[in-house]
Amino acid sequence: MLDNYIKQKVDLVSYSQVELSNIANTLSYLKNIVNYQPDFREPFLGGSYKRATMVKGVSDVDVYFRYVGSGNPQSALAVLKNCLLQSYPNTPIKQDKPSILVDFQKIPINITPYKEDNFGNLSIPDKNLLYWQSMSFGELEQNIIALRRQNSKFIDLIKILKLWNFNHRKGIKNFEIEKRVCSLYLGRQLYQNNLSEMMIHFFNNNGYQSDAVKMQLLRNNIHSNSNYNWINFIENRKTYF
Numbered sequence: 000m001l002d003n004y005i006k007q008k009v010d011l012v013s014y015s016q017v018e019l020s021n022i023a024n025t026l027s028y029l030k031n032i033v034n035y036q037p038d039f040r041e042p043f044l045g046g047s048y049k050r051a052t053m054v055k056g057v058s059d060v061d062v063y064f065r066y067v068g069s070g071n072p073q074s075a076l077a078v079l080k081n082c083l084l085q086s087y088p089n090t091p092i093k094q095d096k097p098s099i100l101v102d103f104q105k106i107p108i109n110i111t112p113y114k115e116d117n118f119g120n121l122s123i124p125d126k127n128l129l130y131w132q133s134m135s136f137g138e139l140e141q142n143i144i145a146l147r148r149q150n151s152k153f154i155d156l157i158k159i160l161k162l163w164n165f166n167h168r169k170g171i172k173n174f175e176i177e178k179r180v181c182s183l184y185l186g187r188q189l190y191q192n193n194l195s196e197m198m199i200h201f202f203n204n205n206g207y208q209s210d211a212v213k214m215q216l217l218r219n220n221i222h223s224n225s226n227y228n229w230i231n232f233i234e235n236r237k238t239y240f
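Each residue of the sequence shown is one higher than the one before, counting from 0 in numbering that gives the first Met the number 0.
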């Protein structure tokens with residue numbers, strides 16, 4: 000029963016194909032902001048959108064603009080921010096490190112410049128915006144593809160863990176959750192048969208034993224309020240148990 004509730008929550012926070020198509024369409028609008036900027040090229044969508052692990056209210060849409068200029072990360076971000084402000088003066092725009100955060104048509108977008116050398120190596124700004132640091136865009140994507148082929152439940156696990164992490168303010172980066180799930184399960188024999196057991200396994204292997212205990216209590220709960228307790232747990236309400 001608990002696993003049905005978990006799956007229902009996963010479905011509720013997952014993006015539909017229509018919503019994903021709308022996100023893809025925003026790229027056609029965003030690429031126009033650099034039409035007259037010789038130091039930038041058309042962007043691409045990456046991150047959890049590309050890996051199909053986005054969670055409503057938790058995940059940003061990652062957009063990467065190729066930078067072909069000679070400036071440092073700070074100057075590249077400044078140009079991008081100025082282009083956004085000119086094109087969308089009424090849109091909330093905030094420069095973060097190492098990206099720009101934009102609420103575009105009610106879609107949270109994380110915009111990052113990147114550079115590519117003659118050998119195809121990619122780099123993005125470091126956290127202090129002082130230099131370009133190497134970045135591998137493909138490794139996690141390939142691991143998630145392999146993980147999905149191994150068992151599609153792992154994608155549901157990633158999504159529910161992202162929601163748990165966000166609501167409980169654990170401070171884990173979303174991509175780090177994906178990496179940890181891959182490290183725990185990719186290419187390994189699966190001994191946990193359902194999502195609740197997978198969550199307990201993840202918690203126990205990542206230092207969250209108290210959350211593992213709570214999940215086990217939820218699994219043991221055979222009363223009619225089990226869904227109520229589950230919702231209170233995953234949303235971090237203070238009234239569960």
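We put the CB at the ideal spot given by N, CA and C, even for glycine.
When V54, K169, K158 and F165 are compared against S195, the one with the closest alpha-carbon: One-based indexing of the sequence shown puts residue 195 at position 196. If we check each option's Cα against that of S195, K158 comes out closest.
Rounded C-alpha distance that separates V54 from D38: Working through the sequence shown from its first residue, we reach residue 54 at position 55. Working through the sequence shown from its first residue, we reach residue 38 at position 39. V54 and D38: Cα-Cα distance of roughly 33 Å.
When N220, L160 and F174 are compared against V12, the one with the closest alpha-carbon: Counting from 1 along the sequence shown, the entry for residue 12 is found at position 13. V12 has its Cα closest to that of L160, out of N220, L160 and F174.
Span of the alpha helix (DSSP H), counted from its first residue to its last, around V17: Counting from 1 along the sequence shown, the entry for residue 17 is found at position 18. Element bounds for V17: Q16 to L29.
Own chain, CB closer than 7 Å to W163, minus 5 neighbours either side, in chain order: On the sequence shown, residue 163 is found 164 positions in, with the first residue counted as 1. Same-chain partners within the cutoff: I233.
C-beta atoms of L128 and K96 nearer than 9 Å: In the sequence shown, the residue the question calls residue 128 occupies position 129. In the sequence shown, the residue the question calls residue 96 occupies position 97. By the CB criterion at 9 Å, L128 and K96 fall inside the cutoff.
Separation of L76 from K114, as counted between CA atoms: Here residue 114 refers to the residue found at position 115 of the sequence shown. Here residue 76 refers to the residue found at position 77 of the sequence shown. In a straight line, the C-alpha of K114 is about 12 Å away from that of L76.
Same chain only: Cβ atoms within 7 Å of S98, ignoring 5 sequence neighbours per side: For the purposes of this step, residue 98 is identified with residue 99 of the sequence shown, where counting begins at 1. Correct list, in chain order: N109, I110 and T111.
Own chain, CB closer than 6 Å to M198, minus 5 neighbours either side, in chain order: Against the sequence shown, residue 198 aligns to sequence position 199. Here the set comprises M214.
Span of the beta strand (DSSP E), counted from its first residue to its last, around P42: Here residue 42 refers to the residue found at position 43 when the sequence shown is read from its first residue. F39 to G45 is the span of the beta strand (DSSP E), which, as asked, contains P42.
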